[in-house]
Amino acid sequence: MTILHDYAIKVWAYISPRKTQKAREKPFQFKVPAIPTKPSFKQHRQPPQQLLSPPDRDLSPESRVNIWQTRTPSPGSDVDITLVPMSPPDSVVRSPEGHDGFEGDTLFNTSPISPTFNKSDYQDVEVDANDDTIVVDDGGYLETHKGISFDERLLKQQRQGQELQGAGWPEDAIFLFQKINNRGYEPIMPIEWVDDLPSLPADLFTEVPDKPFIKPALGTHYHAQLALSPLLDLGAYVRDSIVIRAPRRQPQYHVKRALTKYTSWAMKDGNVDAHWSTLPLFETVTVSKDVPSTVLESRTLAKLGALHSRWESALAARATTSSFTSSSSTSLEVPTLYGVSASHTIMAFVSYLPLSKENRAPGLRLIAMFDFGKEGFDVWNALAAAIFVVHCRNRMVQLREYLPEPEVRVEDDPDV
-12 MTILHDYAIK VWAYISPRKT QKAREKPFQF KVPAIPTKPS FKQHRQPPQQ
38 LLSPPDRDLS PESRVNIWQT RTPSPGSDVD ITLVPMSPPD SVVRSPEGHD
88 GFEGDTLFNT SPISPTFNKS DYQDVEVDAN DDTIVVDDGG YLETHKGISF
138 DERLLKQQRQ GQELQGAGWP EDAIFLFQKI NNRGYEPIMP IEWVDDLPSL
188 PADLFTEVPD KPFIKPALGT HYHAQLALSP LLDLGAYVRD SIVIRAPRRQ
238 PQYHVKRALT KYTSWAMKDG NVDAHWSTLP LFETVTVSKD VPSTVLESRT
288 LAKLGALHSR WESALAARAT TSSFTSSSST SLEVPTLYGV SASHTIMAFV
338 SYLPLSKENR APGLRLIAMF DFGKEGFDVW NALAAAIFVV HCRNRMVQLR
388 EYLPEPEVRV EDDPDV
């Protein structure tokens, strides 16, 4: 009981109101803060500036200029480096040495437009299907498109076709050249794609079923659009590889990869992928920017020469096993073979000139050249690549009946 009594006294003493009253009766004490010491300006020995009193202050421009204190800004004084936009790398703004644009230059010195080509004993037309390509803003596209006379362009196209034919160009190469040259001036895609490609001009789409050139042959529109997407993104991938200085996936790698993927879809869509695996209509050759153009030219000539020999052997073997009429004998000739050559950001389409009476030596003829390092041309370059591949697919479908049946490899099942 004694313990409980002592505990009750302690609790009451803690909560007793008398304790609060005693605390109030204590004298109030306020701690005066220490007086701050006067700062010493001995280290800053600058003469005091004479300030003008408000009544005597002159507010004229001359007097205010006299008391201004000019200060040269330093690079890191008043500028927040995080707010400064990143400057584009020099490799994108200015192409590396040997790729400063291709005005008057080419990847091949056997082409008639090459400055190193000997034109004394060669007669050809110096043309490039990409010369007429122009880029305008979205707002000015319609006005620019309205200012084009399609009658004059049609006459120019007919006159150009006659000149190319007179220079010895085959019909399918002339068709490919003019189709690439005319992109942007005619609809080449079905109207079903217009909602999925809102960034493209509406004039590139048409409701006429037979008029689009870039379209599926046997497949669906969905897979056709899906296959076209890597070509539309190719320019961005090429420029990004320059910015990050990719050691392996350089610009020419992305060019070959995108073209190979689109070709794979196109040949499967036309049901000629089995024939294409053994007898394609074009070969792709890529080199880095440090490789001379003569090396790229020799490699392209070698691959196309070997491909031409394979076509000759295949057509000859087919002719011996099948009976062709005299009207179809002309179809046994080797079709026009093409080459896709890429060096850094530049891609070129060329046609192969085999050895003949007119050609004393095999050569290459330039069809079109493109630079994926230039911004603003991504759509037109992608459409040109799609036109090239679709043209080869359509030509392959026409030649399928004259080609030998592809060998189907049947692997033995080890479990049987």
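Oh and the sequence shown: position 396 is 383 in the numbering used here, straight run, nothing missing. Think of the CB as a built atom: it goes at the ideal place given N, C-alpha and C, for glycine as much as any other residue.
Just to confirm my understanding: we take residue i, look at its own chain, exclude 5 residues before and 5 after, and list those with CB closer than 8 angstroms. What are they?
{"i": "residue 249", "result": "214, 215, 217, 218, 372, 373 and 376"}
{"i": "residue -2", "result": "none"}
{"i": "residue 126", "result": "Reliability fails at residue 126, whose pLDDT of 48 lies under 50, so the model's placement of it is uncertain and the value that follows must be treated cautiously. So no residue of the chain qualifies."}
{"i": "residue 287", "result": "95, 270, 272, 326, 328, 337 and 351"}
{"i": "residue 212", "result": "180, 183 and 184"}
{"i": "residue 205", "result": "256, 257 and 258"}
{"i": "residue 186", "result": "366"}
{"i": "residue 196", "result": "177"}
{"i": "residue 313", "result": "At residue 313, the pLDDT of 43 sits below 50, so the modelled position is not reliable; the number obtained from the coordinates is stated separately. Excluding positions up to five away in sequence, the list is empty."}
{"i": "residue -8", "result": "none"}
{"i": "residue 264", "result": "393"}
{"i": "residue 278", "result": "330"}
Can you give me the start and stop residues for the beta strand (DSSP E) that residue i sits inside?
{"i": "residue 330", "result": "325 to 330"}
{"i": "residue 269", "result": "269 to 274"}
{"i": "residue 282", "result": "Looking at the DSSP string, residue 282 is not in any beta strand (DSSP E); the run it does join, the alpha helix (DSSP H), is 280 to 308."}
Starting from residue i and walking both ways along the alpha helix (DSSP H), at which residues does that stretch end?
{"i": "residue 227", "result": "221 to 230"}
{"i": "residue 374", "result": "365 to 386"}
{"i": "residue 263", "result": "260 to 265"}
Using C-beta distances below 7 angstroms, list every residue in its chain close to residue i, excluding the 5 sequence neighbours before and after it, in chain order.
{"i": "residue 179", "result": "208"}
{"i": "residue 391", "result": "301, 304 and 305"}
{"i": "residue 262", "result": "383, 387, 390 and 393"}
{"i": "residue 291", "result": "270, 324, 326 and 339"}
{"i": "residue 266", "result": "297, 298, 301 and 390"}
{"i": "residue -10", "result": "none"}
{"i": "residue 194", "result": "178"}
{"i": "residue 406", "result": "As shown, the chain starts at -12 and ends at 403. That puts residue 406 outside it, with no answer to give."}
{"i": "residue 252", "result": "210 and 214"}
{"i": "residue 174", "result": "190, 191, 192, 193, 198 and 199"}
{"i": "residue 283", "result": "94, 272, 274, 328 and 330"}
For residue i, collect the residues of the same chain with a Cβ closer than 6 angstroms to its Cβ; drop the 5 residues on either side in sequence, then sort them by chain order.
{"i": "residue 171", "result": "none"}
{"i": "residue 105", "result": "The predicted position of residue 105 is uncertain, since its pLDDT is 46 and thus under 50; no value can be drawn from it."}
{"i": "residue 182", "result": "none"}
{"i": "residue 242", "result": "329 and 334"}
{"i": "residue 260", "result": "254"}
{"i": "residue 316", "result": "A caution first: residue 316 carries a pLDDT of 43, below 50, which makes its placement in the model unreliable, though a value can still be read off. Excluding sequence neighbours, residue 316 sits near nothing in its chain."}
{"i": "residue 164", "result": "116 and 354"}
{"i": "residue 234", "result": "none"}
{"i": "residue 319", "result": "302 and 306"}
In terms of DSSP beta bridges, what is residue i paired with?
{"i": "residue 236", "result": "DSSP lists no partner for residue 236."}
{"i": "residue 339", "result": "351"}
{"i": "residue 357", "result": "334"}
Answer with buried or exposed for residue i, where buried requires no fewer than 16 other C-beta atoms within 10 angstroms of its C-beta.
{"i": "residue 236", "result": "exposed"}
{"i": "residue 247", "result": "exposed"}
{"i": "residue 145", "result": "exposed"}
{"i": "residue 224", "result": "buried"}
{"i": "residue 348", "result": "exposed"}
{"i": "residue 166", "result": "buried"}
{"i": "residue 239", "result": "buried"}
{"i": "residue 210", "result": "exposed"}
{"i": "residue 69", "result": "Reliability of the predicted coordinates at residue 69 is poor, the pLDDT of 36 falling under 50, and the value obtained from them is presented with this limitation in mind. Its Cβ having fewer than 16 others within 10 Å, residue 69 is exposed."}
{"i": "residue 142", "result": "exposed"}
{"i": "residue 380", "result": "buried"}
{"i": "residue 322", "result": "buried"}
{"i": "residue 201", "result": "buried"}
{"i": "residue 342", "result": "exposed"}
{"i": "residue 0", "result": "exposed"}
Does the beta carbon of residue i fall short of 6 angstroms from some heavy atom of the ligand SAM?
{"i": "residue 241", "result": "With respect to small molecules bound, the structure shown includes none, and the ligand SAM cannot be examined in it."}
Every unbroken beta strand (DSSP E) within the segment 168 to 196, with a cutoff of 3 residues, ordered by chain:
Considered as a whole, the segment 168 to 196 harbours no complete run of any beta strand (DSSP E) with no fewer than 3 residues.
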